[in-house]
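A short write-up of the structure that comes next.
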Amino acid sequence: MLQATKLKKSYGGTEALKGLDMTVEGGDIYCLLGANGAGKTTTISLFLNFIRPDGGTAAVGGLDVAEQPLETKKLLAYIPEQVMLYGNLTALENLRYFSRLGGRDYSQGEYRGFLRRAGLQDGAAGRRVKTYSKGMRQKVGLAVALAKQAKALLLDEPTAGLDPKASNEFSELLLKLKADGAAILMATHDLFRAKETGTRIGIMKEGRLVDELSAGEVSHADLEKIYLQHMHVGGRYA
Amino acid sequence: MIVSIARKEFSEIVRDGRFKWTAGMMALLLLTAMAAGCQKHSAYMDMQRLSQDRTNAQWLNQGNKNPHAGAHYGNYAFKPAGPLAFFDNGINHYAGNALFMEAHKQNFALGRPATDQSSIGRFGDLSGAMILQLLMPLLIIFLGFTAFAGERESGTLRQALSMGVSNRQLLWGKALGIGAVVALITGLCVAAGGLALSLTGLSMENESLGARVALMALSYSLYAGIFLFLTLAVSAWAKNVRTALMVLVGFWAFAAFLAPKAAVEISKAAHPTPAFGQWMADMRTHQMRGIDGVPPFARFQQESEALFAEYGAESVAELPVYVGALRLQKFEEYDFPVFEQHFGRLRDAYTRQRRLQDRLGIVAPTLPLRSLSMTLAGTDLIRHIQFADAAEAYRREMVATVNNYLGEAAASLNSGYGGGNVLIADEAVFAMVPPFEFAPQGLGKALSEHAGNFVALALWLAAALGLAIGAARRLKVDGD
Numbered sequence: 004m005l006q007a008t009k010l011k012k013s014y015g016g017t018e019a020l021k022g023l024d025m026t027v028e029g030g031d032i033y034c035l036l037g038a039n040g041a042g043k044t045t046t047i048s049l050f051l052n053f054i055r056p057d058g059g060t061a062a063v064g065g066l067d068v069a070e071q072p073l074e075t076k077k078l079l080a081y082i083p084e085q086v087m088l089y090g091n092l093t094a095l096e097n098l099r100y101f102s103r104l105g106g107r108d109y110s111q112g113e114y115r116g117f118l119r120r121a122g123l124q125d126g127a128a129g130r131r132v133k134t135y136s137k138g139m140r141q142k143v144g145l146a147v148a149l150a151k152q153a154k155a156l157l158l159d160e161p162t163a164g165l166d167p168k169a170s171n172e173f174s175e176l177l178l179k180l181k182a183d184g185a186a187i188l189m190a191t192h193d194l195f196r197a198k199e200t201g202t203r204i205g206i207m208k209e210g211r212l213v214d215e216l217s218a219g220e221v222s223h224a225d226l227e228k229i230y231l232q233h234m235h236v237g238g239r240y241a
Numbered sequence: 013m014i015v016s017i018a019r020k021e022f023s024e025i026v027r028d029g030r031f032k033w034t035a036g037m038m039a040l041l042l043l044t045a046m047a048a049g050c051q052k053h054s055a056y057m058d059m060q061r062l063s064q065d066r067t068n069a070q071w072l073n074q075g076n077k078n079p080h081a082g083a084h085y086g087n088y089a090f091k092p093a094g095p096l097a098f099f100d101n102g103i104n105h106y107a108g109n110a111l112f113m114e115a116h117k118q119n120f121a122l123g124r125p126a127t128d129q130s131s132i133g134r135f136g137d138l139s140g141a142m143i144l145q146l147l148m149p150l151l152i153i154f155l156g157f158t159a160f161a162g163e164r165e166s167g168t169l170r171q172a173l174s175m176g177v178s179n180r181q182l183l184w185g186k187a188l189g190i191g192a193v194v195a196l197i198t199g200l201c202v203a204a205g206g207l208a209l210s211l212t213g214l215s216m217e218n219e220s221l222g223a224r225v226a227l228m229a230l231s232y233s234l235y236a237g238i239f240l241f242l243t244l245a246v247s248a249w250a251k252n253v254r255t256a257l258m259v260l261v262g263f264w265a266f267a268a269f270l271a272p273k274a275a276v277e278i279s280k281a282a283h284p285t286p287a288f289g290q291w292m293a294d295m296r297t298h299q300m301r302g303i304d305g306v307p308p309f310a311r312f313q314q315e316s317e318a319l320f321a322e323y324g325a326e327s328v329a330e331l332p333v334y335v336g337a338l339r340l341q342k343f344e345e346y347d348f349p350v351f352e353q354h355f356g357r358l359r360d361a362y363t364r365q366r367r368l369q370d371r372l373g374i375v376a377p378t379l380p381l382r383s384l385s386m387t388l389a390g391t392d393l394i395r396h397i398q399f400a401d402a403a404e405a406y407r408r409e410m411v412a413t414v415n416n417y418l419g420e421a422a423a424s425l426n427s428g429y430g431g432g433n434v435l436i437a438d439e440a441v442f443a444m445v446p447p448f449e450f451a452p453q454g455l456g457k458a459l460s461e462h463a464g465n466f467v468a469l470a471l472w473l474a475a476a477l478g479l480a481i482g483a484a485r486r487l488k489v490d491g492d
């Protein structure tokens, strides 16, 4: 569903991504680990065509993102670390607006249903979102993704700064989406969450994918060890 | 899709606290200007009609006297305000509204309200047109400068663009949403003004009012569209909202303030008008010298033989008309080309200035709009010249009528016979001169010189659109 082939991107001479090859299939939750600046956000931005690659391709559902940006975006849902919404609009209005931007429209009841599924308490849906906590915003972002019925999700540290309960609810929903066959790519710093919800784990360092693991085949302690080894100079095989 | 975007823009703007202030101020200013405009317009029109009626009555009741002395007593032409003067007073404050018509002299219109104003009047007349020309662009800028730059800074642009909407759809949607807000505020206020005016019961037949209002709406819509798309272009292009606002306000100050003032100065420097005192002295000297260097008395002498022949007469005694009256009328006519030449010089300079200002419209859209607005309101220079021409034509007719009457009534004086009573005219004689009426040229004629201004506005809109589409195509998701 999501495929990067020799994907390259530089910013003013610095190579942020040095030929990334990766694939995320439907039913996968692929967790990208790595320090800040490893290229995780760059990868996600390339899949969204927010930036143009300097080499290689990013493809969604077999379509080249750079060539068919609008078609590929229709297949995607994106949840950043901070879901940004229009403060003077209510959650329902935000959801409806974003859905329509994505070319979908639902009844008021269905919109409420998406917000409920995303875990937003019923009474909040009609309030302006400038009064919302971060957790509530993330839920609206999730509802936007649900309403979009996306085949692939791009999540950029979506649970950073959420309390454990909210974070857990978020993971539960991801598992449901995975069960429905969505391909999920999630950049995260949360090793524990990666091990718990991820099916596959990729470790990025300085613009390269340096390791890929199957979440089921590695213990939490091992994962942490492997990760830290990579982060030290030379990496795991030095 | 575009409508959804527009609706969201609309709700967001309307719910923003800043909007209430800006819109409130704008509405207050516009309504005040429109109300003041209506009040002034109807008061002016009342006064104009009253004055014209009174001066017409004075002409008739000036008392029994020598008919030529009646022409010296003279009459006034009062300028009607123009069909949409309540909205755009144009040059009315500076051009004069009462023109004294008398024998031997072509006068300027007097009564310039600007001369009675304090220095605050220099900032211009508070009128609907001024508010829309100066402040509507500012309103558009304030409502629109964050359209892309603000969403980029807050991060909602990432979210929106991730949904798979095209940049261009976003552009059209935002344009429609902001445009709707602007149209709502200005449209309602202007309509309120128009309604108030229609309640004053002013009649404006034969002035193609509907076409004027429609073209006025078109011109101002083009103007608003120019600023709207420029605002969106800059907002999409700028790295942050601060840059966007600075660039836009800078352009506004240039287009709405600097360019019009500069255009006036440039046009004056390029086509200078003569100093008034010198011009007047030149004309008087020229009158006395005669158009071709033959002074009036000498010319009359030279031409008298041919002139008498026209009447089948060989000498004064055989003339069927009083020679004194004939001479008076001939002297009057000798002056026509002198007046035409000197007034023509002045008008040529003014017309050239105006045309140059229109051409400078390529530098700032406020210039062609201002010119169009005045013309559509019927308060422009061309109309003023038409009024002055009508007054001059009337004056010539008035003087000729009484002179010719004198000629016929006092023919017996040629042979030295006849009493003083033949020199006396009464009301019946003065009634031979019909009251002054100003029939302005039609709208089509008035607009004949303004195709270029429409083209300038259209070009500006096309350029603004092109910039907006280009900036939207290159829209960056992140500021850095």
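Listed in order, the protein sequences are those of chains S and V. Take 4 as the starting number for the first sequence in our numbering and just add one per residue. Take 13 as the starting number for the second sequence in our numbering and just add one per residue. Even glycine gets a Cβ: it sits at the ideal position worked out from N, Cα and C. Only a predicted model underlies this, so the values are computations on that prediction, with no experimental measurement involved.
Presumed contact (8 Å Cβ cut-off) between residue i and residue j, rounded CB distance
i                         : j                            : result
asparagine 119 of chain V : phenylalanine 112 of chain V : 5 Å
alanine 45 of chain V     : glycine 140 of chain V       : 5 Å
glutamate 449 of chain V  : asparagine 91 of chain S     : Contact doesn't hold; Cβ gap of about 58 Å is too wide.
alanine 468 of chain V    : leucine 418 of chain V       : 54 Å between Cβ atoms; not a contact.
aspartate 24 of chain S   : lysine 9 of chain S          : 6 Å
alanine 94 of chain S     : alanine 128 of chain S       : 5 Å
isoleucine 153 of chain V : tryptophan 249 of chain V    : About 14 Å separates the two Cβ atoms, so there is no contact after all.
leucine 157 of chain S    : leucine 51 of chain S        : 7 Å
leucine 1 of chain S      : leucine 194 of chain S       : A question about residue 1 of chain S goes unanswered here, because the residues of chain S that appear run from 4 up to 241.
leucine 5 of chain S      : leucine 178 of chain S       : In fact, because the Cβ distance is near 18 Å, the residues do not count as touching under 8 Å.
lysine 154 of chain S     : alanine 185 of chain S       : 6 Å
Option nearest residue i by Cα separation, candidates the options
i                         : options                                   : result
alanine 64 of chain S     : S/Gly58, S/Thr75 and S/Pro56              : According to the sequence shown, residue 64 of chain S is glycine rather than alanine. Nearest C-alpha to glycine 64 of chain S: S/Thr75.
serine 516 of chain V     : V/Asp304, V/Ala329 and V/Asn179           : One cannot answer for residue 516 of chain V here, as it falls past the ends of chain V, which runs 13 to 492.
glutamate 160 of chain S  : S/Glu96, S/Tyr33 and S/Leu5               : S/Tyr33
leucine 209 of chain V    : V/Asp392, V/Val467 and V/Gln51            : V/Gln51
glycine 58 of chain S     : S/Leu88, S/Glu18, S/Leu78 and S/Leu79     : S/Glu18
alanine 39 of chain V     : V/Gly176, V/Val193 and V/Leu183           : V/Val193
leucine 455 of chain V    : V/Ala484, V/Asp28, V/Ile190 and V/Leu227  : V/Leu227
threonine 191 of chain S  : S/Asp183, S/Ala185, S/Ile206 and S/Lys181 : S/Ile206
glutamate 326 of chain V  : V/Glu317, V/Val333, V/Phe399 and V/Pro332 : V/Glu317
serine 143 of chain V     : V/Leu331, V/Arg339, V/Leu240 and V/Leu42  : Reading off the sequence shown, one finds isoleucine at residue 143 of chain V, where the question assumed serine. Nearest C-alpha to isoleucine 143 of chain V: V/Leu42.
valine 147 of chain S     : S/Tyr114, S/Asp125 and S/Lys228           : S/Tyr114
tyrosine 235 of chain V   : V/Arg30, V/Ala476, V/Arg486 and V/Arg224  : V/Ala476
glycine 138 of chain S    : S/Gln71, S/Ala121, S/Lys151 and S/Gly22   : S/Ala121
alanine 268 of chain V    : V/Pro377, V/Gly82 and V/Thr34             : V/Pro377
isoleucine 481 of chain V : V/Arg61, V/Thr243 and V/Leu151            : V/Thr243
leucine 358 of chain V    : V/Leu393, V/Thr285, V/Gln369 and V/Gly302 : V/Thr285
glutamate 96 of chain S   : V/Ala223, V/Ala229 and V/Phe22            : V/Phe22
leucine 487 of chain V    : V/Met295, V/Ala223, V/Gly162 and V/Gly464 : V/Gly162
glutamine 353 of chain V  : V/Ala321, V/Ala97 and V/Met295            : V/Met295
arginine 203 of chain S   : S/Glu215, S/Arg211, S/Gln71 and S/Arg103  : S/Glu215
Identified DSSP bridge partners for residue i
i                        : result
arginine 211 of chain S  : S/Lys208
valine 63 of chain S     : S/Leu5 and S/Leu66
methionine 25 of chain S : S/Ala7
leucine 3 of chain S     : It is not possible to answer for residue 3 of chain S, since the shown part of chain S is limited to 4 through 241.
asparagine 87 of chain V : V/Met113
glycine 106 of chain S   : According to DSSP, glycine 106 of chain S bridges with nothing at all.
glutamate 187 of chain S : One detail in the question is off: residue 187 of chain S reads as isoleucine in this sequence, not glutamate. Paired residue(s): S/Ile32 and S/Leu156.
alanine 268 of chain V   : Paired residue(s): none; alanine 268 of chain V is not in a bridge.
isoleucine 82 of chain S : S/Leu158
Should the segment 307-314 of chain V be regarded as contacting the segment 283-293 of chain V, the criterion being three or more beta carbon pairs within less than 8 Å?
-> no
Chain V contacts from the segment 159-176 of chain S (Cβ-Cβ distance under 9 Å) = none
At least 3 beta-carbon pairs within less than 8 Å: the segment 56-66 of chain V vs the segment 90-109 of chain V | The segment 56-66 of chain V vs the segment 90-109 of chain V: in contact.
Pull out every residue of the segment 141-174 of chain V whose Cβ sits closer than 8 Å to any Cβ of chain S, in chain order.
-> Ser166, Gly167, Thr168, Arg170, Gln171, Ala172, Leu173 and Ser174
Could you run through the segment 46-60 of chain S and flag, in chain order, every residue whose CB is less than 9 Å away from some CB of chain V?
-> Ser48, Leu51, Asn52, Phe53 and Ile54
How do the segment 82-91 of chain S and the segment 165-173 of chain V stand: do at least 3 beta-carbon pairs fall below 8 Å, yes or no?
-> yes
Report the residues of the segment 230-259 of chain V with a CB closer than 7 Å to any CB of chain S, ordered along the chain.
-> none
Got a sec: which bits of the segment 84-96 of chain S sit with their beta carbon under 9 Å from any beta carbon on chain V, in order along the chain?
-> Gln85, Val86, Met87, Leu88, Tyr89, Gly90, Asn91, Leu92 and Glu96
Identify each residue in the segment 17-37 of chain V for which the Cβ-Cβ distance to at least one residue of chain S is less than 7 Å, and report them in chain order.
-> Lys20, Ser23, Glu24, Arg27 and Asp28
Taking a Cβ distance cut-off of 8 Å, strictly less, list which residues of the segment 459-492 of chain V are near chain S, in chain order.
-> Val489 and Asp490
Using a Cβ-Cβ cut-off of less than 8 Å, list which residues of the segment 103-119 of chain S approach chain V; keep chain order.
-> Arg103, Leu104, Gly105 and Gly106
Three or more C-beta pairs closer than 8 Å, one from the segment 81-90 of chain V and one from the segment 350-367 of chain V: is that the case here?
-> no
Name, going along the chain, the residues of the segment 124-136 of chain S whose beta-carbon falls closer than 9 Å to a beta-carbon of chain V.
-> Arg131
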